[in-house]
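Asks:
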Amino acid sequence: MKYAFPEHFWWGSAASGPQTEGEALNFGKSETIWDRWFAEQPNRFHHGVGPQNTSTFYQRWKQDIALLKKLNHNTFRTSISWARLIPDGTGEVNPLAVEFYNKVIDELLAQGIKPFINLYHFDMPMVMQEKGGWESREVVDAYAAYANTCFELFGDRVKHWFTFNEPVVPVECGYLYDYHYPNVVDFNRAVTVAYHTMLAHAKAVKAYHARNDDGQIGIILNLTPSYPRSAKPG
Numbered sequence: 494m495k496y497a498f499p500e501h502f503w504w505g506s507a508a509s510g511p512q513t514e515g516e517a518l519n520f521g522k523s524e525t526i527w528d529r530w531f532a533e534q535p536n537r538f539h540h541g542v543g544p545q546n547t548s549t550f551y552q553r554w555k556q557d558i559a560l561l562k563k564l565n566h567n568t569f570r571t572s573i574s575w576a577r578l579i580p581d582g583t584g585e586v587n588p589l590a591v592e593f594y595n596k597v598i599d600e601l602l603a604q605g606i607k608p609f610i611n612l613y614h615f616d617m618p619m620v621m622q623e624k625g626g627w628e629s630r631e632v633v634d635a636y637a638a639y640a641n642t643c644f645e646l647f648g649d650r651v652k653h654w655f656t657f658n659e660p661v662v663p664v665e666c667g668y669l670y671d672y673h674y675p676n677v678v679d680f681n682r683a684v685t686v687a688y689h690t691m692l693a694h695a696k697a698v699k700a701y702h703a704r705n706d707d708g709q710i711g712i713i714l715n716l717t718p719s720y721p722r723s724a725k726p727g
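Residue numbering for the sequence shown follows this note's numbering, starting at 494 and increasing by one per position.
(1) Indicate whether Asn611 and Ser509 have their beta-carbon atoms separated by less than 8 angstroms.
(2) Enumerate in chain order the residues of its own chain whose CB-to-CB distance from Ile713 is below 7 angstroms, with the five nearest sequence positions on each side excluded.
(3) Near Gly505, which residues of its chain fall below 6 angstroms by C-beta distance, leaving aside the five closest residues on each side in sequence?
(4) Just grab the DSSP bridge partners of Gly711 for me.
(5) At which residues does the beta strand (DSSP E) containing Ile610 begin and terminate?
(6) Between which two residues does the beta strand (DSSP E) containing Gly505 stretch?
(7) Within 10 angstroms of the Cβ of Ser572, are there 16 or more other Cβ atoms? Answer buried if so, exposed if not.
(8) In or out: Tyr672 buried (at least 16 other Cβ within 10 Å) or exposed?
(9) Can the beta-carbon of Pro511 be found less than 8 angstroms from the beta-carbon of Trp575?
(10) Is Arg630 helix, strand or coil by DSSP?
(11) Where does Phe680 sit, in a helix, a strand or coil, going by DSSP?
(12) Would you list, in sequence order, the uninterrupted alpha helix (DSSP H) runs of no fewer than 4 residues that lie entirely inside the region 513-592?
(13) Going by Cα to Cα distance, which pick from Val662, Lys607 and Tyr551 is closest to Arg650?
(14) First and last residue of the alpha helix (DSSP H) that includes His663?
(15) Taking contact to mean 3 or more Cβ pairs, one atom from each stretch, closer than 8 angstroms, check whether the region 584-599 and the region 524-536 are in contact.
(16) From Trp554 to Leu716, what does the alpha carbon distance come to, in whole angstroms?
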């Protein structure tokens, strides 16, 4: 049996800013929760490799995009670092970050690769975490403003946006299971984080639609198969 993929099928791969960029505290970027956690508990990181290193995409973006092209990608998803673009969480934009993301987006397009851009991949700026992170309505509003800034800066070329990567993961891992920073185990706080994440998503989507841009916006959901404990419930 032979299956032919549609002519315009999207072939690609996905990455994220905090997992690939490196240069964690350089070129104007501020501290994220991952930077703080690594400084406090490097033993919690695989082989002791922290955010400063990763796969050095910040320096090797052009070579990496060339490899994507060689693999016949026509799409690539990555994320913008809130802490790199707006180091204080709100307010002034980091021009070095704008330059970096512009170069990445432009090179992807030059190679015939559509940029799929995610706005948040678990990487809360520490300055926002100190205000309560996703427990804080102030941070929700700051995220919505950050999202709109991204649309303004890059929306002329980026036509596929995502608000969050796997939004339930910070809820479970950060506030229920002690897998991620801030290492809280508290159901009530987890519910607040989940609610505010959904609210932030809605605010970003509303802001994007208000712009009447000719693109699309959505969210990246992780697949978590669940099976019944027993074939005989009750």
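Just so it is clear, CB atoms sit at the ideal spot from N, CA and C, and this is done for glycine as well.
Replies: Taking the definition as stated:
(1) With a cutoff of 8 angstroms on beta-carbon distance, Asn611 and Ser509 are scored as near each other.
(2) Result list for Ile713: Asn611, Phe655, Phe657, Asn658 and Glu659, in chain order.
(3) The residues are His566, Thr568 and Phe569.
(4) Its beta-bridge partners are Phe655.
(5) Segment Lys607 to Asn611, the beta strand (DSSP E) holding Ile610.
(6) According to the DSSP assignment, Gly505 belongs to the beta strand (DSSP E) that extends over Gly505 to Ala507.
(7) By the 10 Å Cβ count, Ser572 comes out buried.
(8) Classification for Tyr672: exposed.
(9) With a cutoff of 8 angstroms on beta-carbon distance, Pro511 and Trp575 are scored as not near each other.
(10) Note: Arg630 maps to helix in three-state DSSP.
(11) The answer is helix: DSSP assigns Phe680 an H, G or I state.
(12) Those alpha helix (DSSP H) runs which fall completely within the region 513-592 and span 4+ residues are 526-533, 550-563 and 575-578.
(13) Nearest option by C-alpha distance: Lys607.
(14) In the sequence as displayed, the identity of residue 663 is Pro instead of His. Its alpha helix (DSSP H) spans residues Val661 to Tyr668.
(15) No, they do not touch.
(16) The C-alpha of Leu716 is placed about 29 angstroms away from the C-alpha of Trp554.
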